[in-house]
Each structure stands twice: as structure tokens, then as C-alpha cells.
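Colleague:
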Amino acid sequence: MSHVPTIPSASRRPRPISGPLTQLLTHLAHAHRVPGAQLAVHVDSVTHTAHTGHADAATGEPFTAETAVPIGSVTKTYTATALMILVADGDIDLDDPVADHVAELRHAPRFTVRQLLGHTAGLPTGPDSDEAAALSTARYLSAHCAAADAVGAPGSGFSYSNAGYVAAGRVVEAVTGMPWEQAVRTLVLEPLGTVPAFVADRSPRRPVAGGHSVHASTGRALPVRQTLAPVEAPAGALLASALDLLALGRAVAGHGPASVLAPEVAEEMRRPVAGADPGVLADGWGSGLALFREGTTLWCGHDGNAQGTSCHVRAEPELGAVVAFTCNGGNGTELWHALADGLADITGLRVPTAARVPERGRAVPLPQCAGTYRNGALEYRVTADAEGALALSVGGDTPAPLVCYPDLTCDLVEPDSGRHLPGGRFLRDPDSGAVDRVQISGRTARRTTDV
26 MSHVPTIPSA SRRPRPISGP LTQLLTHLAH AHRVPGAQLA VHVDSVTHTA HTGHADAATG
86 EPFTAETAVP IGSVTKTYTA TALMILVADG DIDLDDPVAD HVAELRHAPR FTVRQLLGHT
146 AGLPTGPDSD EAAALSTARY LSAHCAAADA VGAPGSGFSY SNAGYVAAGR VVEAVTGMPW
206 EQAVRTLVLE PLGTVPAFVA DRSPRRPVAG GHSVHASTGR ALPVRQTLAP VEAPAGALLA
266 SALDLLALGR AVAGHGPASV LAPEVAEEMR RPVAGADPGV LADGWGSGLA LFREGTTLWC
326 GHDGNAQGTS CHVRAEPELG AVVAFTCNGG NGTELWHALA DGLADITGLR VPTAARVPER
386 GRAVPLPQCA GTYRNGALEY RVTADAEGAL ALSVGGDTPA PLVCYPDLTC DLVEPDSGRH
446 LPGGRFLRDP DSGAVDRVQI SGRTARRTTD V
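In terms of our numbering, the sequence shown opens at residue 26 and continues consecutively.
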């Protein structure tokens with residue numbers, strides 16, 4: 026692939042950049058009312074770090090470079106990395122049917138390990154954490170990954186699924202004979218130099234930060250409790266620092282220890298999975314990695330949000346550049362987008378944060394898309410007014426207006442600010458041409474009725 030470097034050479038940038046990075050991070054954390062944050066950047070073979078604020082707004086405990094943050098769905102990349110190590114060792118193949126390794130999935134659609142890691146297995150997102158808290162892994166998989174719950178045939182399309190990574194964690198357990206936590210610790214965390222920390226740890230071996238929400242009227246940051254169910258651990262239970270995520274990013278980019286991921290295994294992990302079109306989440310998906318294009322440059326990484334935290338990693342394989350960010354505030358995703366913009370001036374890196382949005386023309390009414398759609402037990406209800414303008418309610422929440430375009434993509438309108446946020450798209454049945462699915466934030470729901 027042709028490539029135009031976007032990073033100035035070290036000889037053209039003699040000044041250190043850690044100071045400017047700290048100033049940028051501190052400014053943005055204050056502006057977005059985030060209690061604490063970390064940033065790690067690897068560029069031109071040098072790692073630069075910055076951190077600011079407090080790990081706990083109530084106690085004033087400082088946020089340090091070693092502080093571990095609940096990283097939410099970035100955990101999925103660690104789970105996928107563990108599976109890729111097993112693939113490299115010959116213990117399992119990416120094209121193995123998962124049911125051959127996990128008996129609880131014998132009544133599920135016959136999807137492969139590759140489809141599972143690329144969110145093309147056709148599985149629903151899974152139950153909320155409160156419902157999952159009472160379930161064992163076997164009961165979870167039997168109840169929420171059966172054929173009746175499928176949102177599509179394996180390989181036919183993308184639907185982001187926590188349930189899929191509960192299943193992926195069960196594959197790791199079945200192949201290694203170890204609990205997921207022990208397996209990911211042994212195969213990935215400790216070889217990368219990461220001190221393991223999990224949401225359920227009562228006595229973590231390192232300083233940790235809790236999540237926070239910001240009170241709308243007072244601006245005060247309030248601690249929030251992590252609610253992840255134990256069974257969901259492979260999808261979201263890890264805590265890590267920005268430096269830890271940087272080590273992960275270097276590994277999946279093929280620049281980490283070969284004892285963890287050999288370059289050819291990392292390259293296979295980054296290979297786009299057939300049928301994986303994640304819409305607004307990314308420009309493609311590999312085996313446990315989101316794929317992003319910035320000009321001619323291909324980046325990989327993952328985003329994660331736990332209760333009151335926001336964590337992100339991006340890696341560019343050709344130059345070996347990595348950017349990793351963690352924070353313990355509910356407004357952290359907005360901070361991440363602003364931070365990525367600011368990094369260009371300091372580092373020369375143009376870091377993609379989301380999928381590219383094509384030119385879509387003028388907004389149009391799409392009354393034919395009104396209806397009820399389902400992803401597992403979750404209901405997406407799309408209603409149309411007299412002019413054909415649509416509104417979306419997910420799980421019975423207050424409907425949010427949709428702005429729709431001729432290519433069937435749509436933006437969600439933020440109720441308070443009126444901002445348009447890329448929301449998703451409606452999809453047609455390839456045979457009949459009728460709108461039969463909606464994909465919102467990467468999750469696909471199948472149409473059940475018209476409204």
C-alpha cells in the first residue's frame with residue numbers, strides 16, 4: 026500500500042513534546058470537566074507521556090502515570106489478542122466453528138472464531154449488566170446466543186456484540202483450561218509488562234481510578250460505581266493505564282514483543298473481516314480491532330467506555346506510531362476528539378477517532394423506515410411524523426429526532442445542544458430491496474413490524 030508519512034522527522038523536531046502534551050491534556054481536561062486523564066504517545070521511536078488531575082475527585086488522590094482506569098470495551102482487544110496467541114500456537118484456527126470448542130453454543134448459529142472476533146457472527150448485543158449479574162457463562166450463552174436471538178446469518182453483516190466477547194472469553198477458557206482472567210494475565214498482560222487489574226479486584230496491586238459523572242447544574246464530579254457483571258469480564262473488565270494501552274497498541278501494530286504477537290500474527294489480526302462494515306464506529310474491523318483510514322494511512326485500535334470513564338488506543342503499523350488515552354470522566358469521549366485535533370500540531374500525527382463521513386447531500390424524510398426493530402431483547406422503535414421526519418427510541422427511552430439522508434444514513438440530534446451526531450443507517454434486504462434492519466452505533470436490529 027502506498028503511504029505518505031505524516032510525522033515530521035526527529036531532526037526537524039528537536040524540541041521535546043512532553044511539556045506541550047501535558048499542557049494540552051490539562052487544558053482539555055479542565056475544559057471538559059474531567060477529573061483526571063493520561064496520555065501516552067509513541068512517535069519517532071520515542072514514548073512521551075502526560076497525566077493530569079485526580080484519580081478520585083472526592084479524596085483528591087492524584088492521577089499518576091501508573092494509575093489504572095476501567096477501560097471498558099478495550100478489554101475486547103486483550104481477549105482477541107489472547108485468542109490470536111492461541112491461533113499462532115496452533116491450538117485453534119480462526120476458521121474453526123466456535124461450537125466445536127464451546128458446548129454451550131451447539132444450538133447457536135454455526136459461526137467461526139474469526140466472525141466472532143469481527144462482530145459478524147450475527148449475535149445480539151446481549152442483556153444489560155443487571156440481568157447478566159445472575160447468570161453463569163453457560164446460562165448466558167445458552168439464553169442469549171441461540172439461533173432465535175440472531176440478528177443475521179453468520180458472515181452477513183456487522184453487529185457490535187458484548188455477547189460475542191463473552192463467547193470469545195469462553196473459547197479462551199476451553200482451549201487453555203484456565204479461567205479467562207488467568208489466561209489473559211498469563212498470555213497477554215504480564216508479557217506486555219502490564220500489572221493486572223480487574224473491575225472485580227478488591228485489593229488491586231496498583232493505584233486505580235474510579236469513574237465520575239458531572240452534575241449538570243453544579244459542575245461537580247461525582248464518583249460512579251462500576252456495574253459490569255462477572256460473566257461480562259472478557260468484554261469489559263480490565264483496568265489499564267495509557268502506557269499499558271500503548272504497549273497493547275505496539276503489539277497489535279507488529280512492533281511489540283514477538284513473544285506476545287509475531288508481526289505476521291498482528292498483521293492477520295488487522296486483516297479486515299469479510300462482511301464487517303461497522304458504519305459510524307470505524308471504516309472496517311479486524312479480529313478484535315477497529316480499522317480507521319486517515320488519508321492513505323491505515324490505523325487500528327479500539328474505544329472503551331465504562332461507567333464514567335473513556336479510554337482509546339490508536340496504532341499505525343507502518344511507522345509504529347501509537348496514541349493511547351484514558352480518563353475518569355463521563356465527558357471523556359468529547360475530550361478525546363478534541364485531543365486528537367490538538368495532537369496534529371504537536372506531534373504531526375493525524376489520529377482518526379471515528380469512521381469517515383461521506384458527502385450525503387440534503388436531508389430527506391424516510392417514512393418507509395418507520396417500524397419496530399429488535400436486537401435480542403432490546404427494542405428500537407422508529408416513528409414518523411406527518412412530514413415523514415423520524416425519531417428513535419431505544420429500550421423505551423425518550424425518542425430522539427433523526428436527520429436522514431438519501432443513502433439511508435442518519436444523524437441523531439442531541440436533545441440539549443441540537444448537535445447532529447453520526448448515528449447509523451438503515452439497511453435493505455439484498456433480495457427484496459425493502460428496509461429490514463437498522464444499525465445504530467454499530468449495533469444492528471432486525472425489523473419486526475411497521476409503525
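The beta carbon of each residue, even a glycine, is placed where N, CA and C say it ideally should be.
#1: Can you give me the start and stop residues for the beta strand (DSSP E) that I371 sits inside?
#2: Going by DSSP, what residue range makes up the beta strand (DSSP E) through D436?
#3: Report back the beta-carbon spacing between L360 and A62 to the nearest angstrom; my notes put them in contact at under 8 Å.
#4: State yes or no: is the C-beta of G97 within less than 8 Å of the C-beta of N330?
#5: So which of H240, L323, E206 has the shortest CA-CA distance to V224?
#6: Determine the burial state of G354: buried for a count of at least 16 other Cβ atoms within 10 Å of its Cβ, exposed for fewer.
#7: Name the one or two DSSP bridge partners that W324 has.
#8: Note down the Cα distance separating I117 from R58, rounded to an integer number of angstroms.
#9: List the DSSP bridge partners of H337.
#10: From L217 to L415, what distance separates their C-alpha atoms?
#11: Should P41 be flagged as near chain C, meaning a C-beta pair shorter than 8 Å?
#12: To the nearest angstrom, how far is it from the Cα of R275 to the Cα of P221?
#13: Locate the alpha helix (DSSP H) running through H126, then write down its first and last residues.
#14: Could you give the distance in angstroms between the alpha-carbon of G151 and the alpha-carbon of P41?
#15: Leaving out the 5 sequence neighbours to the left and right, which residues in its chain are closer than 7 Å to L24 when beta-carbon positions are compared?
#16: Out of L286, A133, T104, which one is the CA nearest neighbour of H327?
#17: Return helix, strand or coil for R195, following the three-state DSSP convention.
#18: Taking the alpha carbon of L214 as the reference point, which residue from A254, I371, D269 has its own alpha carbon closest?
#19: If you draw a straight line from the alpha carbon of M26 to that of E289, how long is it in whole angstroms?
#20: Determine the direct distance from the alpha carbon of A459 to that of A234, and round the result to whole angstroms.
#21: Using DSSP's beta-bridge definition, name the partner residues of P248.
#22: Taking the C-alpha atoms as reference points, what is the distance between V338 and C394?
#23: So for S34, helix, strand or coil by DSSP?
#24: Looking at the strands, I want to know which residues DSSP matches up with H67.
#25: Taking three-plus beta-carbon pairs below 8 Å as touching, is the segment 309 to 323 in contact with the segment 78 to 85?
#26: Any idea which residues DSSP pairs V429 with across the strands?
#27: Let me check understanding here. Comparing Cα to Cα, which of H362, M294, A146 lies closest to P342?
#28: With the cut-off set at 8 Å, would you say V94 and C429 are in Cβ contact?
#29: For a test of the three-state rule: what should DSSP assign to G78, helix, strand or coil?
#30: In or out: T423 buried (at least 16 other Cβ within 10 Å) or exposed?
#31: Would you report the Cα separation of G44 and T72, rounded to the nearest angstrom?
#32: What number of angstroms, rounded off, separates the C-alpha of R462 from the C-alpha of A254?
#33: So G413 and P390 are in contact, right, with Cβ under 8 Å, and what is the actual spacing, rounded?
#34: Restricting to runs no shorter than 4 residues, where is the alpha helix (DSSP H) found entirely within the segment 83 to 164?
#35: Could you give the C-beta distance for P303 and G467, rounded to a whole number, given that I count them as a contact under 8 Å?
#36: If we ignore side chains and look at the alpha-carbon of each, how far apart do H280 and P431 end up?
Modeller: So, to answer that:
#1: Taken as a continuous stretch (DSSP letters only), I371 belongs to no beta strand (DSSP E), being part of the alpha helix (DSSP H) at 357 to 372.
#2: Note, D436: beta strand (DSSP E), 434 to 438.
#3: Going by Cβ atoms, the distance from L360 to A62 rounds to 7 Å, so yes, they are a contact pair.
#4: Yes.
#5: Cα-wise, what sits closest to V224 is E206.
#6: Classification for G354: buried.
#7: In DSSP, W324 forms a bridge with F317.
#8: Rounded to whole angstroms, the gap between the alpha carbons of I117 and R58 is 46 Å.
#9: According to DSSP, H337 shares a beta bridge with D328, F350.
#10: Those two C-alpha atoms are separated by around 48 Å.
#11: Absence of chain C from the displayed structure is noted, only one protein chain being present.
#12: R275 and P221: Cα-Cα distance of roughly 18 Å.
#13: No alpha helix (DSSP H) contains H126, which DSSP labels as neither H nor E.
#14: Rounded to the nearest angstrom, the two C-alpha atoms are 46 Å apart.
#15: Residue numbering for the chain in the displayed model covers 26 to 476; residue 24 lies beyond these limits and cannot be assessed.
#16: H327 has its Cα closest to that of T104, out of L286, A133, T104.
#17: DSSP places R195 in helix when its eight states are reduced to three.
#18: When only C-alpha atoms are compared, the closest one is D269.
#19: Bear in mind that the predicted position of M26 carries a pLDDT of just 37, short of 50, making it too unreliable to give a figure here.
#20: When the Cα atoms are used, A234 and A459 turn out to be separated by approximately 48 Å.
#21: Bridge pairing for P248: H237 [DSSP].
#22: Looking at the two C-alpha atoms, the distance is approximately 35 Å.
#23: Note on S34: pLDDT 40, under 50, position unreliable in the model; the coordinate value appears next. Three-state DSSP puts S34 in coil, outside helix and strand.
#24: DSSP output for H67 lists T72, V347 as bridge partner(s).
#25: No contact exists between the segment 309 to 323 and the segment 78 to 85.
#26: Note that residue 429 corresponds to Cys in the displayed sequence, not to Val. BP columns for C429 point to C435.
#27: The candidate whose alpha carbon is nearest that of P342 is M294.
#28: With respect to C429, V94 sits apart: the two C-beta atoms are not nearer than 8 Å.
#29: Reduced to three states, the DSSP call for G78 is strand.
#30: Flag for T423 reads exposed.
#31: Straight-line Cα distance between these residues: approximately 13 Å.
#32: Their backbone Cα atoms lie some 29 Å apart in a straight line.
#33: In this structure, G413 and P390 form a Cβ contact; the two beta carbons are roughly 3 Å apart against a cut-off of 8 Å.
#34: Those alpha helix (DSSP H) runs which fall completely within the segment 83 to 164 and span 4+ residues are 100 to 113, 138 to 142, 154 to 157.
#35: Contact holds; Cβ gap of about 5 Å.
#36: C-alpha separation (whole angstroms): 42 Å.
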